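Before any comments, here is the structure.
Residue numbers (the UniProt record's numbering): 1 to 724.
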């Protein structure tokens with residue numbers, strides 16, 4: 001081909017290719033052809049079938065000639081189509097049978113079997129021919145040959161035995177079964193033998209066959225059928241029970257089968273042996289793997305609901321839930337929530353040993369990584385275990401061992417859990433072993449000090465009345481964490497509760513002198529409240545002044561002003577007690593306090609001092625923090641409220657004082673500013689915000705008045721337009 005196309009160029013080849021032509025007229029054709037029309041025309045064009053002419057044979061010579069031609073045709077088909085086509089052989093033999101020439105028919109069948117003796121269909125059709133014409137001995141010979149050559153084809157054995165039974169030859173059928181059993185067939189073959197013996201009332205023979213059956217095929221199915229046979233044949237309960245018991249003994253490991261125990265329990269239930277059935281269910285549930293006993297659990301629950309009492313039903317429900325939790329913890333041993341559910345189930349069941357076993361299995365699943373987030377749920381297993389041993393099992397020594405093992409297991413150099421230390425110490429206190437409790441907490445503070453440990457240790461010593469130990473612990477506490485304001489506050493509260501005011505004051509002084517505190521405002525407030533509680537107004541005032549040297553926060557100023565304006569006894573009243581009182585009780589208390597602190601003269605002095613604080617605060621905010629406008633507004637609003645509530649001045653003076661404060665109030669204006677992102681960039685957008693313009697800022701902003709007038713004119717124009 002390459003020689004012919006060598007001289008053809010690409011241009012010529014492209015030129016010779018057919019070109020696609022577009023359809024110019026895409027409208028529907030005037031004459032439409034339907035599928036029905038096509039089928040009708042096709043059917044009309046079909047030629048009539050050719051039928052061979054009927055041949056009538058009038059004499060033996062014509063018959064012989066016809067047979068000869070027919071046999072020649074069959075032989076040609078065998079040679080042409082193939083010897084391995086069984087259909088041709090079957091047609092050939094069937095035709096010879098129709099001609100009543102059985103010798104030739106047998107010859108054809110034999111030739112076919114020589115070609116493919118494994119074809120079961122050929123054997124069956126061959127035997128059927130002999131049986132149709134009652135050639136019994138020929139049929140027996142063919143069956144013997146068939147089962148000898150193909151002993152694993154059960155159909156041949158069944159057909160052979162069926163023929164002998166139909167002929168009434170039971171002994172012959174039994175001999176055939178014996179020949180078959182030597183080949184050790186499956187369950188169906190053995191059961192067919194048993195059923196034949198039962199049909200003729202040979203129960204003992206059937207029992208002997210079953211004995212051979214269970215030895216040949218030792219399986220649950222065989223033993224269950226044997227037991228059913230004993231019940232159905234003679235109703236012998238003992239023999240049937242013996243079959244199940246022998247099955248469990250002889251099958252060995254294969255006896256741990258759900259089906260066997262289910263059938264055994266059903267048998268005992270049918271014969272009204274409820275306790276035996278319950279024992280079988282429990283034995284099976286204890287020995288079978290949980291993954292293979294799902295149906296057994298379901299049937300046990302159903303059995304207990306029908307036959308059991310309340311306790312039995314509860315027990316089986318617990319068993320069912322136990323099975324569920326076993327599956328969960330086996331699938332994921334580190335699922336501590338699953339272990340908690342399992343433990344709660346066992347605790348509710350009340351079995352101490354089983355519960356202890358589940359606890360031991362649970363705590364054996366140590367988290368894979370030494371990170372606290374993996375250990376948080378795990379530690380609660382130990383805590384729950386220790387509480388169980390102490391409260392439920394009432395075994396203090398085992399509870400102590402649980403705490404000890406847990407503390408030994410936790411990697412304290414990386415992290416620790418204060419709760420387990422505290423609970424171990426509290427356990428020793430309940431056991432009246434105070435030295436052991438102190439040793440545990442002392443070891444905890446020495447190895448891994450924490451706020452919770454110090455707090456718990458001091459609370460324990462305080463409850464025991466060991467004040468010196470508490471002081472020592474607080475000293476170690478603040479040495480370990482000098483920036484902890486809560487520790488300083490608790491130390492001072494201890495001294496105050498003991499009536500040691502000077503010690504408490506010294507502790508507060510040391511605390512506020514620390515260069516770094518995590519919450520200094522809390523400590524300062526506690527110190528001021530302490531001085532107020534002691535009735536030392538001068539000391540509290542001095543503390544406010546010292547605090548203002550460190551911070552000028554508006555809340556400090558407001559608290560200072562409130563302190564100066566309020567009687568000391570009212571300030572010393574706890575907030576919860578003050579909220580519980582009614583308005584009349586508060587007014588009565590206030591009148592009594594004012595009378596005790598100098599009456600109207602004392603009130604005027606307090607209001608004057610508070611007013612000075614407000615004035616100092618406003619000047620300080622405007623001069624020192626000009627940008628803190630919202631804080632200044634907050635201060636002015638509090639100042640205005642104070643002036644309106646003053647009782648030492650006449651009504652006119654109060655009104656002038658309120659007007660003076662309102663004269664300091666700023667105007668609120670809306671402005672725009674560029675939007676600044678977190679990275680400091682300005683994308684170009686603007687945002688609106690509210691600003692405050694104080695009276696002292698008006699002179700510094702000459703254009704503000706002009707801008708305000710412009711806005712006013714614009715609002716008027718918009719109002720006129722809407723009216724029009």
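All C-beta atoms in this analysis are idealised placements derived from N, C-alpha and C, irrespective of residue type, glycine included.
All values derive from a computational prediction rather than experimental measurement.
Asked, Found
"Less than 8 angstroms between the beta carbons of residue 122 and residue 116, yes or no?", "yes"
"Counting only beta-carbon atoms, is residue 620 nearer than 8 angstroms to chain B?", "Looking at the structure shown, chain B is missing, and only one protein chain is on hand."
"For residue 341, which of helix, strand or coil comes out of DSSP?", "helix"
"Going along the chain, which residues of its own chain have a beta-carbon closer than 8 angstroms to the beta-carbon of residue 490, five neighbours each way excluded?", "455, 458 and 474"
"Check whether the segment 268-286 and the segment 295-314 touch, using three or more Cβ-Cβ pairs below 8 angstroms as the test.", "yes"
"Mapping the DSSP letters down to three states, classify residue 674 as helix, strand or coil.", "strand"
"Going by beta carbon distance, what residues of the same chain come within less than 6 angstroms of residue 193, once the five residues before and after it are set aside?", "177 and 209"
"So residue 634 and residue 554 are supposed to be a Cβ contact under 8 angstroms. How far apart are they, rounded?", "6 angstroms"
"Determine the extent of the beta strand (DSSP E) in which residue 693 is found, giving its start and end residues.", "686-693"
"With 16 other CB atoms within 10 Å as the buried threshold, where does residue 596 fall?", "Low local confidence applies: a pLDDT of 48 at residue 596 is under 50, so the model's placement there is unreliable, with the coordinate-based value given in what follows. Exposed, since its Cβ has fewer than 16 Cβ neighbours within 10 Å."
"Drop a sphere of 10 angstroms on the beta-carbon of residue 465, count the other beta-carbons inside from all chains shown, and report buried for 16 or more, exposed for fewer.", "exposed"
"Any chance you could list the alpha helix (DSSP H) runs of at least 4 consecutive residues sitting entirely within the segment 341-407, in chain order?", "352-363 and 372-387"
"Can you give me the C-alpha to C-alpha distance between residue 443 and residue 689, rounded to a whole angstrom?", "58 angstroms"
"Throw me the rounded Cβ distance for the residue 336 and residue 400 pair, which I believe falls under 8 angstroms.", "That pair is no contact at about 23 angstroms."
"In the DSSP assignment, find the unbroken alpha helix (DSSP H) run with residue 220 in it and report its ends.", "220-233"
"Between the alpha carbons of residue 349 and residue 318, how many angstroms are there, rounded?", "7 angstroms"
"To the nearest angstrom, how far is it from the Cα of residue 513 to the Cα of residue 611?", "30 angstroms"
"Starting from the C-beta of residue 476, find all residues in its chain whose C-beta is less than 6 angstroms away, skip the five residues before and the five after it, and write them out in chain order.", "none"
"Between the segment 409-417 and the segment 388-400, are three or more C-beta pairs nearer than 8 angstroms?", "no"
"Rounded to whole angstroms, what's the CA-CA distance from residue 436 to residue 638? Just pull it up for me.", "57 angstroms"
"Alpha carbon to alpha carbon, how far is residue 291 from residue 86? Give it in angstroms, no decimals.", "52 angstroms"
"Tell me which residues share the same chain as residue 606 and place their Cβ nearer than 7 angstroms to its Cβ, disregarding the 5 neighbours each side in the sequence.", "564 and 565"
"Straight-line CA distance for residue 357 to residue 365?", "13 angstroms"
"Just how far apart, CA to CA, sit residue 141 and residue 130?", "10 angstroms"
"Which whole runs of the alpha helix (DSSP H) in the segment 138-174 are 4 residues long or more, in chain order?", "154-166"
"In whole angstroms, what separates the C-alpha of residue 156 from that of residue 60?", "40 angstroms"
"Near residue 205, which residues of its chain fall below 6 angstroms by C-beta distance, leaving aside the five closest residues on each side in sequence?", "197"
"Let me know if residue 484 comes out buried or exposed under the rule of 16 or more other beta-carbons within 10 Å of its beta-carbon.", "buried"
"At what residues does the alpha helix (DSSP H) containing residue 117 begin and finish?", "Taken as a continuous stretch (DSSP letters only), residue 117 belongs to no alpha helix (DSSP H), as it is neither H nor E."
"Could you give the first and the last residue of the continuous alpha helix (DSSP H) run that contains residue 725?", "This structure cannot settle anything about residue 725, because the visible part of the chain is limited to 1 through 724."
"Would you identify the three-state DSSP class for residue 552, choosing helix, strand or coil?", "coil"
"According to DSSP, simplified to helix, strand and coil, what is residue 669?", "strand"
"Mind checking residue 64: buried by the 16 CB within 10 Å criterion, or exposed?", "exposed"
"Going by alpha carbons, who is nearest to residue 478 out of 510, 499, 503 and 126?", "510"
"Quick check for students: name the residue ranges of the alpha helix (DSSP H) that lie wholly in the segment 400-475, counting only runs of 4 or more.", "418-430, 434-447 and 451-464"
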